[in-house]
Amino acid sequence: MNILLSFLGSTLDRHGRGKRRWEVWRPSVALAMQEDIVFDEYYLIHSTAHAALAREVMDDIVAVSPGTKLIPEIINFKDAWDFVEVYAALYDLSRRLDFRPDEHRYFIHITTGTHVAQICLFLLNESRHLPGELIQTMPSRANTAAGSYALINLDLSKYDLLAKRFAIERQNDLDFLKSGIATRNRRFNALIETIERVMLRSTEPLLLTGPTGAGKSQLARRIYELKKLNRLMTGAFVEVNCATLRGDMAMATLFGHTKGAFTGATAARPGLLKTADNGILFLDEIGELGLDEQAMLLRAIEEKTFFPVGSDREERSSFQLICGTNKDLAAAVREGRFRDDLLARVNLWHFQLPGLADRREDIEPNLDYELDKFSRKTGQRVSLNKEARARLLRHALSPDTPWRGNFRELNAMMTRMATLAPDGRIDAATVDDELARHTSEPADDDEARFAELLGVDYVKRFDRFDLAQLAEVLRIAQTSSSLSDAGRKLFSATRRLKKTANDTDRLRKYLLRFHLTWDDVKK
Numbered sequence: 303m304n305i306l307l308s309f310l311g312s313t314l315d316r317h318g319r320g321k322r323r324w325e326v327w328r329p330s331v332a333l334a335m336q337e338d339i340v341f342d343e344y345y346l347i348h349s350t351a352h353a354a355l356a357r358e359v360m361d362d363i364v365a366v367s368p369g370t371k372l373i374p375e376i377i378n379f380k381d382a383w384d385f386v387e388v389y390a391a392l393y394d395l396s397r398r399l400d401f402r403p404d405e406h407r408y409f410i411h412i413t414t415g416t417h418v419a420q421i422c423l424f425l426l427n428e429s430r431h432l433p434g435e436l437i438q439t440m441p442s443r444a445n446t447a448a449g450s451y452a453l454i455n456l457d458l459s460k461y462d463l464l465a466k467r468f469a470i471e472r473q474n475d476l477d478f479l480k481s482g483i484a485t486r487n488r489r490f491n492a493l494i495e496t497i498e499r500v501m502l503r504s505t506e507p508l509l510l511t512g513p514t515g516a517g518k519s520q521l522a523r524r525i526y527e528l529k530k531l532n533r534l535m536t537g538a539f540v541e542v543n544c545a546t547l548r549g550d551m552a553m554a555t556l557f558g559h560t561k562g563a564f565t566g567a568t569a570a571r572p573g574l575l576k577t578a579d580n581g582i583l584f585l586d587e588i589g590e591l592g593l594d595e596q597a598m599l600l601r602a603i604e605e606k607t608f609f610p611v612g613s614d615r616e617e618r619s620s621f622q623l624i625c626g627t628n629k630d631l632a633a634a635v636r637e638g639r640f641r642d643d644l645l646a647r648v649n650l651w652h653f654q655l656p657g658l659a660d661r662r663e664d665i666e667p668n669l670d671y672e673l674d675k676f677s678r679k680t681g682q683r684v685s686l687n688k689e690a691r692a693r694l695l696r697h698a699l700s701p702d703t704p705w706r707g708n709f710r711e712l713n714a715m716m717t718r719m720a721t722l723a724p725d726g727r728i729d730a731a732t733v734d735d736e737l738a739r740h741t742s743e744p745a746d747d748d749e750a751r752f753a754e755l756l757g758v759d760y761v762k763r764f765d766r767f768d769l770a771q772l773a774e775v776l777r778i779a780q781t782s783s784s785l786s787d788a789g790r791k792l793f794s795a796t797r798r799l800k801k802t803a804n805d806t807d808r809l810r811k812y813l814l815r816f817h818l819t820w821d822d823v824k825k
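Residues 303 to 825 in my numbering are what the sequence shown spells out, letter by letter.
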């Protein structure tokens with residue numbers, strides 16, 4: 303059987319009176335006048351207020367198609383333009399009707415009814431709550447009462463051109479997230495494909511983990527820019543390194559404050575959460591955030607509300623949160639430094655970015671990307687000659703090159719060589735000078751290690767004296783089998799003189815001064 307579901311056209315179906323009504327196009331009647339399709343059952347949706355018109359239309363349908371069974375469906379909307387009300391009523395109708403797509407052929411008429419009703423019919427058809435084919439009617443040029451009709455097939459797989467366009471658009475999105483770099487690492491490419499799907503369908507928090515310099519901050523910004531291009535958000539991209547948020551100012555920076563809330567608060571400030579309204583808030587090194595700030599952040603994520611410092615009035619902000627960290631947040635939870643409920647909330651979408659050493663096949667395309675970026679920034683075109691490229695790649699791809707600074711380290715190397723390149727062309731001599739520098743400065747290892755463990759702004763927060771001492775502790779830790787073994791080596795003199803009771807506890811407390819654990823330094 304052919305079964306039709308249609309709204310009464312309270313305006314279009316009223317055209318013409320008396321015998322003249324057969325001279326004008328009326329969509330509900332016109333459907334029954336088609337020569338190549340006959341409907342066995344015809345569900346006509348209308349309100350009580352239009353009952354008289356519905357009876358007239360149904361009589362005319364029977365007149366032109368005697369074999370059609372008319373079934374009136376009365377739905378009285380308080381507001382026919384209220385999307386929620388209309389969708390709910392049609393959803394209820396779909397659950398009430400006994401659809402059997404395997405036995406009957408169904409048609410959903412989307413010409414009549416309000417635009418809201420037509421949209422709801424489309425959505426319920428797409429979700430298969432109202433199964434069948436969408437059918438649309440229209441008047442003909444000959445101005446006959448029957449007009450014409452068209453079936454709308456939503457199976458995009460049958461439309462090669464559309465399918466290709468969607469595929470091209472998706473590939474463009476993936477390239478955008480990768481900054482246009484033709485990456486070759488299968489694990490990274492698969493990760494980017496997953497992020498692209500999540501980004502288009504979800505506004506839940508994202509957690510980006512990975513070593514310092516792996517590209518977490520750049521990826522977060524590209525996610526925002528792609529969402530903006532796809533018209534998925536209208537707000538700003540707000541980024542902050544949580545390692546820089548210290549003391550009382552951390553709360554005020556994140557959540558804002560009123561005038562006079564504390565000494566120095568000469569004017570009210572909205573805070574980063576409010577600034578990110580309808581946009582993205584990227585909290586880099588979220589593991590450095592204090593427990594009080596974590597509690598307020600959790601409430602802001604779940605309820606979209608928070609209290610600025612010094613205010614008793616709630617503020618609202620609807621933002622998507624992206625978190626970045628190179629720390630083990632699960633370990634931080636066990637040590638009481640991170641809330642387990644916040645971790646559960648931000649860990650819904652967790653993406654681990656591999657370091658450069660694990661993506662060596664992507665080094666060569668990144669060389670070209672760095673050179674292009676340098677050229678755009680300086681306006682000077684720089685290239686690598688063949689011999690220079692071969693020498694640089696031999697070093698870069700060697701398993702003996704650790705790449706502790708990851709892409710930040712690669713960027714520094716390429717920037718130095720591009721700046722020093724004679725006549726805008728990096729030659730073998732320039733590469734040799736850079737590689738000599740790269741392999742002969744042990745301090746570079748310390749810098750990369752400090753950046754990974756303490757955050758990229760560590761030089762602003764720790765004295766050189768403290769860093770020199772920490773560097774020795776880290777070197778001893780690398781050759782020690784356990785925390786107690788490292789403690790015995792580091793405090794051997796005071797141990798012999800029996801000036802300390804517990805070397806293990808002493809070393810643990812020393813590391814805590816830098817917010818580090820034994821697991822952190824042993825990774």
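C-beta: ideal position from N, C-alpha, C; glycine also.
It should be emphasised that the depicted structure is a prediction, and the values quoted were computed from it without experimental measurement.
*Of the residues Val761, Thr781 and Ser784, the one placed nearest Phe816, counting alpha carbons only*: Val761
Excluding sequence positions up to five away, which residues of its chain have a Cβ less than 6 Å from the Cβ of His652? Same-chain partners within the cutoff: Leu509.
- C-alpha gap between Pro701 and Leu695, whole angstroms: 12 Å
Cβ-Cβ distance between Asp315 and Ser330 below 7 Å:
yes
query = Does DSSP classify Asp384 as helix, strand or coil?
reply = coil
| task | Give the DSSP-derived three-state secondary structure of Phe793 in the structure shown. | result | coil
Using a Cβ cut-off of 7 Å (strictly closer), state whether Phe309 contacts chain D.
No chain D appears in the structure shown, which is made up of a single protein chain.
**Message:** Comparing C-alpha positions only, which one of Leu737, Arg706 and Ile603 sits nearest to Pro656?
**Reply:** Arg706
Span of the alpha helix (DSSP H) around His348: Per DSSP, His348 belongs to no alpha helix (DSSP H); it is in the beta strand (DSSP E), Glu343 to His348.
Q) Rounded to a whole number of angstroms, what is the C-alpha to C-alpha distance between Thr819 and Met598? A) 26 Å
Notebook entry, point to check: Per DSSP, Met440 is paired with what?
Noted result: Ser450
Restricting to runs no shorter than 4 residues, where is the alpha helix (DSSP H) found entirely within the region 560-589? 574-577
request  = Quick one: grab the DSSP three-state call for Asp746.
outcome  = With a pLDDT of 49 at Asp746, under the threshold of 50, the modelled position of that residue is not reliable, and no figure is offered here.
Exercise for the section: Report the partner residues of Gln622 according to the DSSP bridge assignment. Expected result: Paired residue(s): Ile582.
Please report how far the alpha carbon of Thr703 lies from the alpha carbon of Glu774, in whole angstroms.
22 Å
I need the straight-line Cα distance from Asp550 to Ala753, nearest angstrom please.
25 Å
Grouping DSSP H, G and I as helix and E and B as strand, with all else coil, what is Thr627? Reduced to three states, the DSSP call for Thr627 is strand.
TODO: Tell me whether Leu534 sits in a helix, a strand or coil according to DSSP, three-state version.
DONE: Coil, per DSSP.
Where Pro374 falls: helix, strand or coil (DSSP): strand
Could you tell me which residues DSSP puts in a beta bridge with His652?
Leu509
### Query
Considering only residues of the same chain and omitting the five flanking positions on each side of Phe564, which have a CB-CB separation below 8 Å?
Asp550, Ala554, Val611 and Gly612
* To do: Take Asn687 as the anchor and find which of Arg678, Ala720, Leu699 and Gly482 has the nearest alpha-carbon.
  => Ala720
Quiz item: Roughly how many angstroms lie between the CA atoms of Leu769 and Thr568, to the nearest whole one?
Solution: Each residue's Cα considered, the two are about 36 Å apart.
- Message: Helix, strand or coil for Ile497? Go by DSSP, reduced to three states.
- Response: helix
Check your understanding: Going straight from the alpha carbon of Trp324 to that of Ala447, what length do you get?
Key -> Computed Cα separation, rounded: 6 Å.
Report task. Would you list the one or two residues that DSSP bridges to Phe309? Result -> Ile347
Practice prompt. Label Arg615 either buried or exposed according to how many other C-beta atoms from any shown protein chain fall within 10 Å of its C-beta, with 16 as the threshold for buried.
Written response: exposed
Exercise. Pick from Glu637, Ile778, Arg751 and Thr717: whose alpha carbon is nearest that of Leu814?
Worked result: Glu637
If distances are taken between C-alpha atoms only, which option among Tyr671, Lys561, Tyr451 and Ala351 comes closest to Ser481?
Tyr671
Would the region 579-589 count as touching the region 515-523 if we require 3 or more Cβ pairs under 8 Å? yes
Practice item. Count the other CB atoms, across all protein chains shown, that sit within 10 Å of the CB of Glu590; report buried if there are 16 or more and exposed otherwise. Key: buried
On a CA-only basis, which of Gln473, Glu405, Asn304 and Ala602 is nearest Leu436? Give me that one, please.
-> Asn304
Reference Leu479, options Met501, Arg489 and Asn487, closest by Cα: Met501
| query | Taking Thr483 as the reference, which of Ile665, Asp729 and Ser784 has the closest Cα? | reply | The sequence given here has Ile at residue 483, not Thr. Nearest option by C-alpha distance: Ile665.
Checking 7 Å against the spacing of the C-beta atoms, do Ala513 and Asn628 come in under that value? The amino acid occupying residue 513 in the given sequence is Pro; Ala does not appear at that position. In terms of Cβ geometry, Pro513 and Asn628 form a close pair [threshold 7 Å].
- Task: Can you grab the Cα-Cα spacing for the pair Val838 / Gln596, in whole Å?
- Result: A question about residue 838 goes unanswered here, because the residues of the chain that appear run from 303 up to 825.
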